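Reading through the structure tokens given below for one structure.
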């Protein structure tokens, strides 16, 4: 029977947003002015007017409860601003909960950012010791693991160089390496897997997996749903600070994905729309290149997105754009008409349809989420909505053999693989397959039908 | 046995002091970082930390000793000034570094947990190292002016602790207030500039009329500086005991309230910094 290591009961975090003042902090001047004003009001018994306008309470996290036992790995998922990072900050004792209670058994190490406390003037060696100490390691412990850390980071040659001369890749590798060798019982990790190149990311994932197998308790925040599924046993899905779903990692990720399920037509939740309100987003349809809902568009075909909007005041030079997100949460495309050098017709007051055609989509099968916006000169936003539109890319035998599904990644690329005796490697090229001693296999796309 | 930590709204963390002990190496490492970074890419390096007190000493000796012709009670005027500059510089550098320590390391505070007091406390350690360097200069000057140490020299140890306590106590106040009200950033240099002339750095406190001595000792640095002179100059300086005791009491009050205020506000540092 394993013990409960982390127990959260009704945890909440409230922030008070002051709408006055351009800075996040308060100047003493304002406080003095306010207290003087309040004193005056108290004397004159005038009612405070506008108090509610200047203060707004926001619950970044509310009513979150869960228990973790030895060796549990919890993934926190949700959109930006769902409260994942705030929850992690509470667990790591950086900030205090405003409500509820957290009980932690054991030492906690948190990794909300790689390289916290790194000093650019110090050498790699010095920073390993400094950063390790900040993360809660003992000097002797760092010395014991020093070689391992350096080997993991692959910076042996530059140990005595100030880190300000490091490339960003080296910097990040060293910083992660220190953190990866922590021995605390509870490890809290925020999105740090998103750093470094692909090879290093993979190394990090492997290392995290190894850490997990040692039976330590991990809480991981990531937008990389694949990493969550791979590393975590359980998951919690947060939305606007509240727990929407809780269960095994695979189930929660699946349901989270399903929440973006393809709806070929739909309307927008006004709460999710930002902008100055001049443009109201009414509804949308997503179809294949022929304008039909079915069959689903497949890789290499076109997707048509129609958004119906209502314009209040005429816009002389409208611009519009979109971002396309992969099923795993990676940004695949982000473009607007300014980037394309394209000018849209002026929009008069009234209803309009914005049509976007994505040609020869390189995306592989799965639900894709789309952010959409209508803007004006200088990037002024009339309306902007995230994750509001979804389209599904259908499965197809893309490479001419087996049915290509989500396991094949998120973008289509032509790939050629060949073998040859060492020393005389030919460059695989589309038009000279198999002209060497070796065999070449060419993988390419069947002609886009449709 | 694994330790248990309970996090709850408004609840002070009970193992605060034990936690600080667990993080003791962090204090040293942060101080070491600041010291070792400070003189990188400088030509004369450590000499910078000696130039300031030496020049101040020369100017004060000329202005107060020669031009104003203030009494030194028999001691060489340069030694009289330098004996006061030791604790004053310690206090002044310590307070400045302390009050800026939190906002300068804002990123660390918002990204990781550690006892927040490690930042201001380690900046006092940095100033202490400067004090030690200046102390070596004092020893050299004592040889030159043939001023020989007496048994009173031993008192420098508790007196240094006292000076450190003034710096830390007021530094904690300013550091915590600085997080919320950036105004204090501008207040500290002003207080220090003012304090340099109000405190008996360039002159002996013996010139203060007897009726005002106790009142004058309300400045805690008066007790500290007089103590340093008493310990260094031997027979040539005497200590006004009631004033010194008053200073010690005030220092204790500043330190205790400073730590309390710091602890009361540190839980919200990450939210407001």
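Protein chains in written order, with our numbering: chain D, -11 to 438; chain E, 36 to 308. Ideal Cβ placement from N, Cα and C applies to all residues, glycine included. From a predicted model like this one, the values you see are computed outputs, not experimental measurements.
| Asked | Found |
| --- | --- |
| Take the Cβ of residue 221/E as the centre, count every other Cβ of all protein chains shown within 10 Å, and call the residue buried at 16 or more, exposed below. | exposed |
| So what does DSSP say about residue 404/D, is it helix, strand or coil? | strand |
| Please confirm whether residue 77/D has its beta-carbon closer than 9 angstroms to some beta-carbon of chain E. | yes |
| Tell whether a beta-carbon distance below 9 angstroms holds between residue 377/D and residue 254/D. | yes |
| What in chain E is Cβ-close to residue 118/D, meaning under 7 angstroms? | 64 and 68 |
| Per the DSSP calculation, residue 361/D is bridged to which residue(s)? | 309/D and 372/D |
| Between residue 203/D and residue 60/D, what straight-line distance do the alpha-carbon atoms span, to the nearest angstrom? | 8 angstroms |
| Note down, in chain order, all residues in the stretch 147 to 168 of chain E with a beta-carbon under 8 angstroms from any beta-carbon belonging to chain D. | 147, 148 and 149 |
| Excluding sequence positions up to five away, which residues of its chain have a Cβ less than 8 angstroms from the Cβ of residue 12/D? | Caution is warranted here: a pLDDT of 48 is assigned to residue 12/D, below 50, making its placement in the model unreliable, and no coordinate value can be reported. |
| Have a look at the DSSP bridge pairing and note the partners of residue 45/D. | 4/D |
| Listed from N- to C-terminal order along the chain, which residues in the stretch 42 to 67 of chain D have their beta-carbon within a distance smaller than 8 angstroms of any beta-carbon of chain E? | none |
| Rounded to a whole number of angstroms, what is the C-alpha to C-alpha distance between residue 200/E and residue 169/E? | 19 angstroms |
| Can you list, in chain order, the residues of its chain whose CB lies under 7 angstroms from that of residue 154/E, leaving out five sequence neighbours each side? | 65, 136, 137 and 140 |
| Run through chain D and tell me which residues come within less than 9 angstroms of residue 143/E, C-beta to C-beta. | 104, 105 and 122 |
| Between the C-alpha atoms of residue 118/D and residue 145/D, what's the straight-line distance to the nearest angstrom? | 19 angstroms |
| Do you know offhand how far residue 218/E's Cα is from residue 274/D's? | 55 angstroms |
| On the CB-based measure, 16 or more other CB atoms within 10 Å of its CB, does residue 39/E come out buried or exposed? | exposed |
| Using a beta-carbon distance below 9 angstroms, is residue 140/E in contact with chain D? | yes |
| Starting from residue 302/E, find everything on chain D with Cβ-Cβ shorter than 7 angstroms and list it in chain order. | 84 |
| Which two residues bound the contiguous beta strand (DSSP E) that contains residue 90/D? | 87 to 93 |
| Hey, how far is the Cα of residue 115/E from the Cα of residue 108/D? | 41 angstroms |
| Can you look up residue 264/E in the DSSP assignment and give me helix, strand or coil? | helix |
| Residue ranges of each alpha helix (DSSP H) run of no fewer than 4 residues wholly in the stretch 194 to 267 of chain D, ordered along the chain? | 213 to 219 and 237 to 246 |
| Which one of 410/D, 88/D and 289/D has the shortest CA to CA distance from residue 386/D? | 289/D |
| Got a sec: is the Cβ-Cβ distance from residue 95/D to anything in chain E below 9 angstroms? | yes |
| Do you know how far the Cα of residue 132/D is from the Cα of residue 177/E? | 47 angstroms |
| Give the single residue among 143/E, 173/E, 257/E and 306/E whose Cα lies nearest to the Cα of residue 286/E. | 257/E |
| Residues of the stretch 207 to 225 of chain E with a CB closer than 7 angstroms to any CB of chain D: list them in chain order, please. | 215, 216, 217 and 218 |
| Closer than 9 angstroms, CB to CB, is residue 100/D near chain E or not? | yes |
| Starting from residue 80/D, find everything on chain E with Cβ-Cβ shorter than 8 angstroms and list it in chain order. | 147 and 148 |
| Under 9 angstroms between beta-carbons, which chain E residues line up against residue 441/D? List them in chain order, please. | With chain D covering -11 to 438 only, the question about residue 441/D has no answer from this structure. |
| Classify residue 351/D as helix, strand or coil using the three-state DSSP reduction. | strand |
| Have a look at 104/D, 239/D, 293/D and 409/D and flag the residue whose alpha-carbon is nearest the alpha-carbon of residue 380/D. | 293/D |
| Can at least three beta-carbon pairs, one atom from the stretch 118 to 133 of chain E and one from the stretch 275 to 282 of chain E, be found at a separation below 8 angstroms? | no |
| Just tell me which of 268/E, 150/E and 84/E has its CA closest to the CA of residue 394/E. | Because residue 394/E is not part of the residues shown, which for chain E are 36 to 308, the question remains open. |
| Can you check whether the C-beta of residue 38/D is within less than 9 angstroms of a C-beta belonging to chain E? | Legend: pLDDT at residue 38/D = 44, less than 50; position of this residue unreliable, value from coordinates given subsequently. No - not a single Cβ of chain E is within 9 angstroms of the one on residue 38/D. |
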